[in-house]
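Novice: Residue numbers (the working numbering), protein chains in the order written: chain H, 1 to 348; chain X, 1 to 145.
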């Protein structure tokens, strides 16, 4: 860590030529975030004869990751949303020159005095759940409502037409399954066939899709205020129902299926989202995106398992997610497939 | 007498959680140790039930294949189904059971696609199997909250 601290201090000095005596202390790696190495640290310096400093987060590309992502996508999302008032860390530097830390990285503000919910805790929010829940679903609605062009997000990503959202999203994750599956996936394959036979209606609006908006990917403080929405590395343009269904996936409910994300009841959550987004949820479209969320989850866990099995990344979180989460989403998806089958054949 | 594998692994999980993790200072190390402890719990369950899961899957798929041979018109697929339906299990070694199960799962995907187009009853039978196979692997994790 000492060497990394010194090298990062040299980088900060390079990026901030107006300050001197840059030092980095307390650098420690944060667990999780298998898609990128994440470190918290304190940087201090001298500026115009005055001591200064800031708590920072360093996000460095790994050798291999849970999800193959582009760090500039995430950085640009922070840059687009930070001025809007949505709680995201202030992005500071994006660096692709390997000279500094061997791999590309970016630097952002560290949000102090907060925690992320553990997926292994039955009740990570306690009495704060209603307050956090109101913000969680409202913020997601605000992301859906944001104009991607106006906030400068659209210029950094591929455009998409309303009737193409589902095809692009499904094609992306099906390709991941094709490439990374270590064994045949009869449940995922059946779900994909069903989704192609029963496409959703076109997106009512093209929105920024966070891509991984869920339990564990936001920070909240002791007062129950959400202070940072994190992990935007899978963000893109698409149907906002993609985010809603992913956030409401039962995997993230900490065992509380009746309270998506383990926060507030489903009806209240969706009402908050509708109010903030200015949209109404089409139940037919929503069901399609719920199936999609489970397939996307499977694709991510399959990819994680491939990384671990082939030895390209030995992070235990990859082994865990490819095991426990695959079983979870297989169960969920098999149940959904059986339900739509019975609906089609016995409820006519 | 030697202790059961499940007992040993669950004991190790407890040791890691209660004796090792609290003495680690680096957040990253604590996270890794905790996750590895949890996976010992999962591995213990897999050690006890993994072969049973695979064997049950194989037997259920063989029954589906045997039933489907009388329904599928495609002669090549029919022949492969008939062969898979009567094949013996070569070994009780888990990796070999998995390999055989995977061969059958590939065939099941093909048959499922055919059933979706031609035989709704068989489609329902396959979905029942997939749901049962997924449900029997359900593992209730200990809460770490």
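Glycine included, C-beta positions come from ideal geometry on N, C-alpha and C. Predicted model, so just to flag it, every value in this text is computed and none were measured.
Does the region 226-240 of chain H come into contact with the region 137-150 of chain H, if we say contact requires no fewer than three beta-carbon pairs (one atom in each stretch) closer than 8 Å?
Specialist: Short answer: they touch.
Novice: What does the Cβ neighbour count give for residue 68 of chain H, buried or exposed, with the cut at 16 atoms within 10 Å?
Specialist: Residue confidence is low: residue 68 of chain H scores 49 on pLDDT, short of 50, so the model does not pin down where it sits. No coordinate-derived value is stated.
Novice: Strictly below 9 Å CB to CB, what residues from chain A border residue 27 of chain X?
Specialist: Of the protein chains in this structure, namely H and X, none is chain A.
Novice: For residue 309 of chain H, which residues of its own chain have a beta-carbon under 7 Å away from its beta-carbon, when the five flanking residues on both sides are left out?
Specialist: Once the five neighbours on either side are set aside, the close Cβ partners of residue 309 of chain H are 182.
Novice: Verify the CB distance criterion: does residue 106 of chain X have a CB-CB separation below 8 Å to chain H?
Specialist: With 8 Å as the cut-off, residue 106 of chain X counts as an interface residue toward chain H.
Novice: Helix, strand or coil for residue 115 of chain H per DSSP?
Specialist: In this structure, residue 115 of chain H counts as strand in the three-state DSSP scheme.
Novice: Rounded to whole angstroms, what's the CA-CA distance from residue 228 of chain H to residue 116 of chain H? Just pull it up for me.
Specialist: Whole-angstrom Cα-Cα distance: 10 Å.
Novice: Answer with yes or no whether the minimum CB distance from residue 338 of chain H to chain X is below 8 Å.
Specialist: Chain X, which has a Cβ nearer than 8 Å to the Cβ of residue 338 of chain H, makes this yes.
Novice: Pick out whichever of H:211, H:78, H:142 has its Cα sitting closest to the Cα of residue 94 of chain H.
Specialist: Closest by alpha carbon: H:78.
Novice: Hey, is residue 119 of chain X's beta-carbon within less than 8 Å of any beta-carbon in chain H?
Specialist: By this cut-off, residue 119 of chain X is not an interface position.
Novice: CB-CB under 7 Å to residue 162 of chain H, same chain, minus the five flanking residues each way: which ones, in chain order?
Specialist: So the list reads 202, 203, 206, once near-sequence residues are dropped.
Novice: Around the C-beta of residue 339 of chain H, are 16 or more other C-beta atoms found within 10 angstroms, so that it is buried, or is it exposed?
Specialist: With fewer than 16 other Cβ atoms within 10 Å, it is exposed.
Novice: Comparing the C-beta of residue 294 of chain H with each C-beta of chain X, is any distance below 8 Å?
Specialist: Not an interface residue.
Novice: Do we get a CB-CB distance below 8 Å when we pair residue 68 of chain H with the residues of chain X?
Specialist: With a pLDDT of only 49 at residue 68 of chain H, under the threshold of 50, the placement of this residue in the model should not be trusted; the figure read from the coordinates follows. So no, residue 68 of chain H is outside the interface.
Novice: I think residue 61 of chain H touches residue 36 of chain H, with their Cβ atoms under 8 Å apart; what is that distance to the nearest whole Å?
Specialist: Contact holds; Cβ gap of about 6 Å.
Novice: Alpha carbon to alpha carbon, how far is residue 33 of chain X from residue 20 of chain H? Give it in angstroms, no decimals.
Specialist: The straight-line gap from Cα to Cα measures roughly 39 Å.
Novice: For the region 301-331 of chain H, which residues have a beta carbon sitting closer than 7 Å to at least one beta carbon of chain X?
Specialist: Correct list: 316, 317, 319, 320, 323, 324, 327, 330, 331.
Novice: Residues bridged to residue 229 of chain H by DSSP?
Specialist: Per DSSP, H:218.
Novice: On the CB-based measure, 16 or more other CB atoms within 10 Å of its CB, does residue 138 of chain X come out buried or exposed?
Specialist: Its Cβ having fewer than 16 others within 10 Å, residue 138 of chain X is exposed.
Novice: Could you name the residues of the same chain whose beta carbon sits closer than 6 Å to that of residue 176 of chain H, not counting the 5 residues immediately before and after it, in chain order?
Specialist: Cβ neighbours of residue 176 of chain H beyond the five flanking positions: 299, 303.
Novice: Figure out for me which residue from H:128, H:38, H:221, H:75 has the closest Cα to the Cα of residue 263 of chain H.
Specialist: Cα-wise, what sits closest to residue 263 of chain H is H:128.
Novice: Is there contact here, the region 239-250 of chain H with the region 102-110 of chain H, by at least three beta-carbon pairs under 8 Å?
Specialist: With the cut-off at 8 Å, the region 239-250 of chain H and the region 102-110 of chain H do not touch.
Novice: Using three-state DSSP, classify residue 66 of chain H as helix, strand or coil.
Specialist: Legend: pLDDT at residue 66 of chain H = 46, less than 50; position of this residue unreliable, value from coordinates given subsequently. Coil, per DSSP.
Novice: CB residue 139 of chain H to CB residue 31 of chain X, shorter than 8 Å?
Specialist: No. Outside cutoff.
Novice: Using a Cβ cut-off of 7 Å, pull out every chain X residue sitting near residue 111 of chain H, in sequence order please.
Specialist: Chain X residues near residue 111 of chain H: none, gap ~16 Å exceeds 7 Å.
Novice: Relative to chain X, which residues along the region 160-194 of chain H have a C-beta separation below 7 Å, given in chain order?
Specialist: Those would be 183, 184, 186, 187, 189, 190, 193, in chain order.
Novice: Compare the beta carbon distance of residue 41 of chain H and residue 26 of chain H with 8 Å and say whether it is the shorter of the two.
Specialist: In contact: residue 41 of chain H and residue 26 of chain H (Cβ atoms closer than 8 Å).
Novice: Bridge partners for residue 86 of chain H per DSSP, in chain order?
Specialist: Residue 86 of chain H is not bridged to any residue.
Novice: Could you work out which residue in X:100, X:28, X:13, X:71 is closest to residue 54 of chain X when comparing CA atoms only?
Specialist: Out of X:100, X:28, X:13, X:71, X:100 has the C-alpha closest to the C-alpha of residue 54 of chain X.
Novice: Check whether the region 11-22 of chain X and the region 37-46 of chain X are in contact - that is, three or more C-beta pairs closer than 8 Å.
Specialist: Taking 8 Å as the limit for Cβ pairs, the verdict is that the region 37-46 of chain X does touch the region 11-22 of chain X.
Novice: For residue 291 of chain H, count neighbouring C-beta atoms within 10 Å of its own C-beta (all shown protein chains included) and say buried if the count is 16 or more, exposed if not.
Specialist: With 16 or more other Cβ atoms within 10 Å, it is buried.
Novice: Which residue's Cα is closest to the Cα of residue 271 of chain H: H:135, H:13, H:56?
Specialist: Comparing Cα positions, the closest option is H:135.
Novice: Measuring only between beta-carbons, confirm whether residue 102 of chain X sits less than 8 Å from chain H.
Specialist: Closer than 8 Å to some Cβ of chain H, the Cβ of residue 102 of chain X qualifies, so yes.
Novice: Would you decide whether residue 337 of chain H is buried or exposed? Buried here means 16 or more other CB atoms lie within 10 Å of its CB.
Specialist: Buried.
Novice: Check whether chain H comes within 8 Å of residue 81 of chain X, counting only Cβ atoms and requiring the distance to be less than that.
Specialist: Chain H, which has no Cβ nearer than 8 Å to the Cβ of residue 81 of chain X, makes this no.
Novice: Tell me, please, whether the CB atom of residue 334 of chain H is closer than 8 Å to any CB atom in chain X?
Specialist: Cβ-Cβ to chain X under 8 Å: yes for residue 334 of chain H.
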